[in-house]
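Here the structure comes first, spelled out in structure tokens, and everything after it is commentary.
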Amino acid sequence: MDVVMLMAIGLLTGATTVLFGFGGGFVAVPVVVWADAALGTAAIPVATATSALVMLVNAAFATAVTPRPVLLALRGSGALLPLLAAGACAGAYASRFAPPALARWAFVAYTALTALDLLLRPGFLRTASRPGTEPARGLPATAGAPIGAVAAFLGVGGSVMTVPAMRRAGHPMRVATALANPLTLAVALPAVAVSLAGSPPPAATATGTGLVGLVDPYAAGALLLGALPVIAVLRRRPPRIPDRVHACAYLGLLALVALAMVLTGP
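This is how it looks when you write it as structure tokens:
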């Protein structure tokens, strides 16, 4: 896959970072699996590690340009952030030893089950009250470690858990997706550190793929070149999307990503 195509897909990761809080992970994993298909089954751990780096940079930039009043909704989350980071360390380390097929199908199953949960269980599409009309609650600190572990293992950043949880806690989609970015930082930073310290798979040497640890810097750089300008523009001029339409679009993107992962890769 050439750099122009990766940059074009990077535009999409930038949009998902702002509109859905994904940080690029759900888009980046199938894309990097496709870009590094020559690595065979080793493409899965490389995609997960590269996705973590893309998410880290995207989420950091999106957080930096998020209005401070929105970020103040995370007050009282001091215990949650270190637990997210601790879980992410464990998940990223475990991903280095998991069979690639397990990581791939766990990604598909996790995404599909989450989409079904959001569709069938009240509180995401069908809220008990209008979002934002009651005091919103924060995420419990005890959720930090499992969210961090699953997110880092799959390379998804955790937003697929934090956004629905925040919405069910009373936040509108606009706020829930914005708050997912600083929480993604706590997951992506330790995951990136573990990935950079890893050893490239033997297939990388055989195919001439230049990896840094388990990260593909070429794919990550091209994706970020496309993503960062989009984040800057959408944060300065956010689109006005009705809350229910926003929630339906989030659900639809989950379904598309699950399908992409089924159809892509070794």
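Residues 8 to 273 (my numbering) are what the sequence shown spells out, left to right. The beta-carbon is built from N, C-alpha and C at its ideal position, and this holds for glycine as well.
Classify D223 as buried or exposed, calling it buried when 16 or more other Cβ atoms lie within 10 Å of its own Cβ. Within the sequence shown, the letter at position 216 stands for residue 223. Buried: at least 16 other Cβ atoms inside 10 Å.
Where do the ends of the alpha helix (DSSP H) carrying V201 lie? Position 194 of the sequence shown, counting from 1, holds the residue named residue 201. Residues 180-204.
Only counting the same chain, and skipping five residues up and downstream in sequence, which positions put a Cβ closer than 6 Å to that of Y257? To locate residue 257, count along the sequence shown from 1; it is residue 250. A distance below 6 Å between beta-carbons, with the five flanking residues on each side excluded, links Y257 to the following residues of its chain, in chain order: F27.
Can you list, in chain order, the residues of its chain whose CB lies under 6 Å from that of A229, leaving out five sequence neighbours each side? Numbered from 1 along the sequence shown, position 222 holds the residue referred to as residue 229. So the qualifying residues of the chain are V10, L13, M14.
Does the distance from the C-beta atom of R251 to that of L132 stay below 9 Å? Position 244 of the sequence shown, counted from the first residue, corresponds to residue 251. Position 125 of the sequence shown, counted from the first residue, corresponds to residue 132. Contact: yes.
Where DSSP assigns a beta bridge to V264, which residues make up the other side? Here the question's residue 264 lines up with position 257 in the sequence shown. Answer by DSSP bridge pairing: none, since V264 is not bridged.
Cβ neighbour criterion (16 or more within 10 Å) applied to A185: Within the sequence shown, residue 185 is the residue found at index 178, counting from 1. Under this definition A185 is a buried residue.
Own chain partners of L203 with C-beta closer than 7 Å, once the 5 adjacent residues on each side are dropped: By 1-based counting over the sequence shown, the position of residue 203 is 196. For L203, the CB contacts under 7 Å within the same chain, skipping 5 residues up- and downstream, are V219, G220, V222 in chain order.
Could you tell me which residues DSSP pairs with V219 in its beta bridges? In the sequence shown, counting from the first residue as 1, residue 219 sits at position 212. Per DSSP, V222.
I need the boundaries of the alpha helix (DSSP H) containing I154, first residue and last residue. As a working note, residue 154 is residue 147 in the sequence shown. DSSP places I154 inside the alpha helix (DSSP H), whose first and last residues are 151-161.
Does the structure place the region 183-200 close enough to the region 39-46 that three or more beta carbon pairs sit under 8 Å? Using a C-beta cut-off of 8 Å, the region 39-46 makes no contact with the region 183-200, since fewer than three inter-stretch Cβ pairs fall below that distance.
Meets three-Cβ-pair contact criterion under 8 Å: the region 53-69 and the region 167-178: No: fewer than three Cβ pairs fall under 8 Å.
If you reduce the DSSP assignment to three classes, tell me which class D43 lands in. Stepping through the sequence shown from its first residue, residue 43 is reached at position 36. Looking at D43 - three-state DSSP - the assignment turns out to be coil, as it is neither helix nor strand.
Measuring CB to CB, does A86 end up less than 9 Å from A148? Within the sequence shown, numbered from 1, the residue matching residue 86 stands at position 79. Within the sequence shown, numbered from 1, the residue matching residue 148 stands at position 141. For the pair A86 and A148, the CB atoms are nearer than the 9 Å cut-off.
Nonlocal neighbours in the same chain, by C-beta distance under 7 Å from G139, ignoring five residues either side: As a first step, residue 139 is located in the sequence shown; it is residue number 132 there, counting from the start. Because G139 carries a pLDDT of 48, less than 50, the predicted location of this residue cannot be relied on, and the following value inherits that uncertainty. Same-chain partners within the cutoff: P179.
Between which two residues does the alpha helix (DSSP H) containing T57 stretch? On the sequence shown, position 50 is the one that residue 57 refers to. Segment 50-71, the alpha helix (DSSP H) holding T57.
Could you name the residues of the same chain whose beta carbon sits closer than 6 Å to that of V72, not counting the 5 residues immediately before and after it, in chain order? Counting from 1 along the sequence shown, the entry for residue 72 is found at position 65. So the list reads R242, once near-sequence residues are dropped.
On the criterion of 16 or more Cβ atoms from any shown chain inside 10 Å, does G259 qualify as buried, or is it exposed? For the purposes of this step, residue 259 is identified with residue 252 of the sequence shown, where counting begins at 1. Here G259 is exposed, its C-beta having fewer than 16 other C-beta atoms within 10 Å.
Of all the options P245, L270, I51, which has the alpha carbon lying nearest to the alpha carbon of A69? As a position in the sequence shown, residue 69 is number 62, starting the count at 1. Cα-wise, what sits closest to A69 is P245.
Could you check if V53 is buried or exposed, using at least 16 other CB atoms within 10 Å of its CB as the buried criterion? Within the sequence shown, residue 53 is the residue found at index 46, counting from 1. Buried.
DSSP on P37, reduced to helix/strand/coil? Numbered from 1 along the sequence shown, position 30 holds the residue referred to as residue 37. P37 falls in the helix class under three-state DSSP.
Assign F104 to one of three DSSP states: helix, strand, or coil. Looking up residue 104 in the sequence shown gives position 97. Of the three classes helix, strand and coil, the one that applies to F104 here is coil, per DSSP.
Close beta carbons around V38, own chain, < 6 Å, minus the five adjacent residues each side: The residue given as residue 38 occupies position 31 in the sequence shown. Within its own chain, the residues whose Cβ lies closer than 6 Å to the Cβ of V38, once the five positions on either side in sequence are excluded, are I16, listed in chain order.
Which whole-angstrom value is the C-beta distance of A116 and A156, which I expect to be below 8 Å? The residue given as residue 116 occupies position 109 in the sequence shown. The residue given as residue 156 occupies position 149 in the sequence shown. About 16 Å; that fails the 8 Å criterion.
Rounded to whole angstroms, what is the Cα-Cα separation between A193 and A172? As a first step, residue 193 is located in the sequence shown; it is residue number 186 there, counting from the start. As a first step, residue 172 is located in the sequence shown; it is residue number 165 there, counting from the start. The alpha-carbon separation between A193 and A172 amounts to approximately 17 Å.
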